[in-house]
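As structure tokens, the structure follows; a few thoughts come after it.
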Amino acid sequence: WLPLFFGGRTYHFKAEAYGGQLKGSVSLAEGNPAGSCTASLRADHIQIQQYAPLSRLTQAHFKGDLNGDILFKGRFDQIMGGEGEADLYVSGGNMKLGTPFLGVDSIDFGRLTINMSLGDRKIRMVRVDLKGDTLQGALSGTINLTTDMLRSRLNLKGNVEPLEGFMSSNQGILQLFRQKTGSMKRLFTIQGTLGIPKFSFS
């Protein structure tokens, strides 16, 4: 259901979607030049796995409980040319890897926090933090957007630290993370495209 409440040039909405709720508002610019608007959206308990384009955005498949706030200013028919920001978090998450990494084909995480912005046809990942029983880490960087989202270019870097539960079944992981520095924290980069990301340790 999607009731709309009209107040001047602002439209408020509320909807049930993908196992959770969406609510927010859309404000049309004065005279609505070229269809521009300002929109805000609040997501509560959206189940990522129920929305196929999001759960399969990359070679990895995601699931989890998505919550947070999104702000956008621009045209809905030209979202990549607009401006915006988002503060999101995913709890009870799981990422199934398209290709197993060091014998691991899926990763569970307790909480994934994302702070990002949109502008100049780029998504800036200001800060991404992952915390779980087996892994913790952080990431930042940019995604250069293209009309075909899967061809958008990645320029991301971060760090990851496996915890005891992640390493207990694979000594190869233990040696990989301890090489050179002896520290369990390793730096990495993600390049390539959104559809075919290329992950490497630095």
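So that you can map any letter, position 34 of the sequence shown is 412 in this note's numbering, and since no number is skipped, the others follow by simple counting.
No residue lacks a Cβ here, since even glycine has one placed at the ideal position from N, Cα and C.
LEU444 beta carbon less than 8 angstroms from that of LEU419:
By one-based count along the sequence shown, residue 419 stands at place 41. By one-based count along the sequence shown, residue 444 stands at place 66. It is not a contact, given that the beta carbons lie outside the stated cut-off.
Can you have a look at GLY515 and say buried or exposed, based on whether 16 or more other CB atoms are within 10 angstroms of its CB?
Indexing the sequence shown from 1 puts residue 515 at position 137. GLY515 is buried by the Cβ-count criterion.
Taking LYS401 as the reference, give the member of SER414, ASP422 and THR416 with the closest Cα.
For this step, residue 401 is matched to residue 23 along the sequence shown. Residue ASP422 is the option with its Cα nearest to LYS401.
Count the other CB atoms, across all protein chains shown, that sit within 10 Å of the CB of LYS563; report buried if there are 16 or more and exposed otherwise.
Within the sequence shown, the letter at position 185 stands for residue 563. Its Cβ having fewer than 16 others within 10 Å, LYS563 is exposed.
On the DSSP bridge list, what partners appear for GLU402?
On the sequence shown, residue 402 is found 24 positions in, with the first residue counted as 1. A small correction: the amino acid at residue 402 is Gly; Glu does not occupy that position in the sequence shown. Paired residue(s): PHE391 and LEU419.
On the CB-based measure, 16 or more other CB atoms within 10 Å of its CB, does PHE440 come out buried or exposed?
The count along the sequence shown starts at 1 and reaches residue 440 at position 62. Buried, by the Cβ-count rule.
Taking DSSP's pairing of strands, which residues face ARG564 in a bridge?
On the sequence shown, position 186 is the one that residue 564 refers to. In DSSP, ARG564 forms a bridge with VAL538.
So SER469 and ARG489 are supposed to be a Cβ contact under 8 angstroms. How far apart are they, rounded?
For this step, residue 469 is matched to residue 91 along the sequence shown. For this step, residue 489 is matched to residue 111 along the sequence shown. So it is a contact: roughly 5 angstroms between Cβ atoms.
Can you name the residues that DSSP bridges to MET503?
The count along the sequence shown starts at 1 and reaches residue 503 at position 125. Residue pairing of MET503 in beta bridges, as defined by DSSP: MET494 and GLY519.
Would you say the beta carbon of ASP507 comes nearer than 7 angstroms to a heavy atom of the ligand MG?
As presented, the structure is devoid of all ligands, the ligand MG included, so that no description of it is given.
Please go through the same chain and pick out, in chain order, the residues whose beta-carbon is closer than 6 angstroms to the beta-carbon of ASN533, but skip the five residues on each side of it.
The sequence position of residue 533 within the sequence shown is 155, counting from 1. Closer than 6 angstroms at Cβ, skipping near neighbours: GLY519 and THR520.
DSSP three-state label for ILE485, please.
Within the sequence shown, the letter at position 107 stands for residue 485. Three-state result, ILE485: strand.
Use the C-beta contact count for ALA393: other C-beta atoms within 10 angstroms, 16 or more gives buried, fewer gives exposed.
If you number the sequence shown from 1, residue 393 lands on position 15. Burial call: exposed.
Identify, in the order they occur along the chain, each residue of the same chain with its Cβ nearer than 7 angstroms to the Cβ of GLY510, setting aside the five sequence neighbours on each side.
Residue mapping note: residue 510 aligns to position 132 of the sequence shown, counting from 1. Only ASP486, PHE487 and GLY488 meet the Cβ criterion.
So who's on the other strand from SER580, going by DSSP bridges?
Translated into positions along the sequence shown, residue 580 becomes position 202. DSSP lists no partner for SER580.
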